[in-house]
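Q: Take the sequence shown: its letter number 401 is residue 640 in this note's numbering, and every next letter is one higher. Backbone N, C-alpha and C fix where the C-beta goes; we use that ideal spot for every residue, glycine too. What follows is a single structure, and I will ask about it in a moment.
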Amino acid sequence: MNDETMEVILNSHNFSVKHYGTRMSDTVKSFMRKYNQWGMVRENGSIRRGIIRGYFANPANGEPRFHINALDAFKAHIEACGLSLSGIKFTNKAIPPATDADITSKGEKTLREEQEQVVNYILDKDNRSKIVQAATGFGKSLVAVETLCRVKKRTIVIIKPMYMKQWHNNFFELTQLLKEEVLMVQGSEALIKLLKDPEKYKDVSVIILSNVTYRNYLDSYEEGAEKFEQDGYPIEPHILMEYLGIGFRLIDEGHQDFHLNFRMDLYTNVEKSLTLTATLVSDDAFVSRMQYLAYPINLRYAGLTYVPYIRSTAYGYSFDRPEFIRTTEYGSTTYSHTALEKSIKKNPILFTRYVKLIEENLDIHWKSQTYQDGDKAIVFCALVDFCEAVAKQLREKYPDKVVNTFTDGAPLETLSDSDIIVSTLLSAGTARDIPKLTTVVMTVALSSTSLNLQCMGRLRRLPDNRTPNFVYFTCVDIPKHLDYHKKKKEIINSRVVSLNIQQNHRKI
């Protein structure tokens with residue numbers, strides 16, 4: 240084997256390399272290192288700087304795989320290492336034919352002009368991988384389903400388990416698909432069952448696959464042939480889409496589990512894919528670079544203009560005895576809001592005073608002069624048991640209102656059936672559309688740009704043009720809260736109609 244030869248297989252979303260000797264192997268490995276994310280990792284009880292994850296695939300017994308948008312960088316790297324591209328064979332792998340699917344709209348919802356433009360962008364043949372970034376309430380799900388109704392190819396939706404039922408409902412509400420035409424796949428056993436007998440599911444038009452199940456599938460494959468065989472998977476990931484006859488791959492909430500979504504591209508060869516998100520942003524410079532690699536700015540839909548419609552309030556408070564408040568977990572020096580909530584909850588009097596701050600804001604912003612029957616409010620906390628305790632006190636304050644928690648395992652109907660919802664950010668902070676939501680009270684102090692925007696984004700534009708309210712808490716005794724407050728102002732200032740910073744803070 241010539242040390243300076245190699246074959247590069249070009250797929251729709253990735254390329255793989257094979258048939259290379261020692262010198263090319265060293266070159267490929269050095270290219271991989273460019274896509275390692277570094278950070279602080281825990282090892283043997285200590286914390287050190289190390290590799291967190293790689294944005295490439297290097298299966299134990301397979302071919303290294305890279306994102307297709309890294310191809311030009313790969314070619315430049317080859318030449319920078321003193322090697323010639325003339326010794327490399329580039330092979331375009333054909334997009335496999337997809338199974339036809341009779342996905343037909345019920346026709347009960349008509350696309351607005353801007354939604355129709357987005358559908359046309361998705362269907363455009365210039366690029367196979369599309370991303371739609373749009374605020375909550377734009378109708379991303381409707382746009383995606385309408386696109387599928389025009390494509391009419393078997394579709395796979397790969398999403399977090401918590402969103403599977405919601406998407407299952409979307410297809411029945413918006414299309415004429417029958418129950419047996421939409422398949423939910425959650426757990427390795429269910430995936431293996433599908434892969435071993437695809438003929439049994441020949442009438443399926445849409446497969447909704449848990450991304451946790453998909454991650455386990457990839458992990459098993461990348462660990463090696465023995466592990467993959469022991470786990471019982473009959474089909475390797477890079478031929479999964481072809482094997483199932485997939486013509487369209489859909490990812491929702493693309494900002495979540497971004498590394499896994501990136502890995503999906505490394506094993507995907509389909510005609511079209513679509514990612515939906517409201518906020519594809521990251522505070523990590525490396526992750527941000529990978530987001531731009533997966534979705535180059537010139538290929539993102541640029542036709543949507545965001546018009547602010549939310550009023551924001553920064554609500555300040557302080558503790559009468561701050562020396563008794565913990566803001567870090569034992570053994571750690573970093574700020575922890577869960578530690579703060581544990582500290583507050585431990586003191587019943589302090590906890591009651593804290594919840595009264597929430598009540599005060601609900602009275603001002605939710606139960607305001609513009610209040611209408613059916614208006615809803617959501618309160619975000621960090622801990623499930625803290626949510627439950629807050630909800631209990633709010634029921635006493637508002638006995639004529641339905642107050643519920645929405646945490647792991649809660650039925651989706653909780654969001655529509657409640658007047659006040661108390662939830663964690665992971666449960667309802669993203670991908671949840673709550674009709675007539677007029678007020679968000681964010682008690683959790685955090686730095687993440689994406690989470691802050693997602694939390695505020697639960698507020699949809701109200702049809703009667705009333706202004707919804709986003710309130711976030713800041714404890715003036717805690718330096719990190721002040722840092723986060725400063726950052727929040729920068730994040731949301733251009734996205735709200737007004738930002739009111741409360742000058743006189745409450746002491747509890």
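1. Just mark Gly346 as buried or exposed, buried being the case when its beta carbon has 16 or more other beta carbons within 10 Å.
2. Out of Thr375, Ser251 and Ala299, state which residue places its alpha-carbon closest to the alpha-carbon of Lys511.
3. Measuring alpha carbon to alpha carbon, tell me which residue in Arg700, Leu665 and Ser687 is nearest Ile673.
4. Is it true that the segment 381 to 388 meets the segment 476 to 484, where meeting means three or more beta-carbon pairs spaced less than 8 Å apart?
5. Does DSSP put Asn408 in a helix, a strand or coil?
6. Identify the continuous alpha helix (DSSP H) that holds Arg592 and give its terminal residues.
7. Suppose contacts are defined by Cβ-Cβ distances below 7 Å. Is Val396 in contact with Ser551 by that definition?
8. Taking 8 Å as the cut-off, does the segment 530 to 538 touch the segment 672 to 688 (at least 3 CB pairs, one atom from each stretch)?
9. Between which two residues does the alpha helix (DSSP H) carrying Asn450 extend?
10. Give me the Cα-Cα distance between Leu430 and Glu438, rounded to the nearest whole angstrom.
11. Mapping the DSSP letters down to three states, classify Thr646 as helix, strand or coil.
12. Roughly how many angstroms separate the alpha carbons of Thr644 and Pro298, rounded to a whole number?
13. Please confirm whether any heavy atom of the ligand ATP lies closer than 6 Å to the CB of Leu416.
14. Looking only at DSSP bridge pairs, what is Ile248 linked to?
15. What residues in its chain sit with their C-beta under 7 Å from that of Pro718, if we drop five residues either side in the sequence?
16. Which residue comes first and which comes last in the alpha helix (DSSP H) that contains Ile549?
17. Which whole-angstrom value is the C-beta distance of Ile583 and Phe590, which I expect to be below 8 Å?
18. Would you tell me roughly how many angstroms separate the C-alpha atoms of Arg262 and Ser575, rounded to the nearest one?
19. Which of the three DSSP states is assigned to Ala770 in this structure?
20. Tell me whether Ser449 is buried or exposed, calling it buried when 16 or more other Cβ atoms sit within 10 Å of its Cβ.
21. In the DSSP assignment, the beta strand (DSSP E) including Ile717 goes from what residue to what residue?
22. Taking the beta carbon of Ala315 as the centre, do at least 16 other beta carbons fall within 10 Å, making it buried, or is it exposed?
23. Taking C-beta to C-beta, are Val629 and Val661 nearer than 7 Å?
24. Say whether the segment 485 to 493 touches the segment 454 to 463, bearing in mind that this needs 3 or more beta-carbon pairs closer than 8 Å, one atom from each stretch.
25. Mind checking whether Gly696 and Ala517 have CB atoms under 7 Å apart?
A: Taking the coordinates as given:
1. exposed
2. In this structure, Ser251 is the residue among Thr375, Ser251 and Ala299 with its C-alpha nearest to the C-alpha of Lys511.
3. Checking every option, the nearest Cα to that of Ile673 belongs to Arg700.
4. no
5. helix
6. Pro587 to Asn600
7. no
8. no
9. Asn450 to Glu462
10. 14 Å
11. The answer is coil: DSSP assigns Thr646 none of H, G, I, E or B.
12. 42 Å
13. This structure simply doesn't include the ligand ATP, nor any ligand for that matter.
14. Ser255 and Thr330
15. none
16. From DSSP, Ile549 is part of no alpha helix (DSSP H); its letter is neither H nor E.
17. 5 Å
18. Distance between the alpha carbons of Arg262 and Ser575: 48 Å.
19. Residue 770 lies beyond the stretch modelled for the chain, which goes from 240 to 747, so this question has no answer here.
20. buried
21. Unbroken run through Ile717: none, as it is neither H nor E.
22. exposed
23. yes
24. no
25. yes
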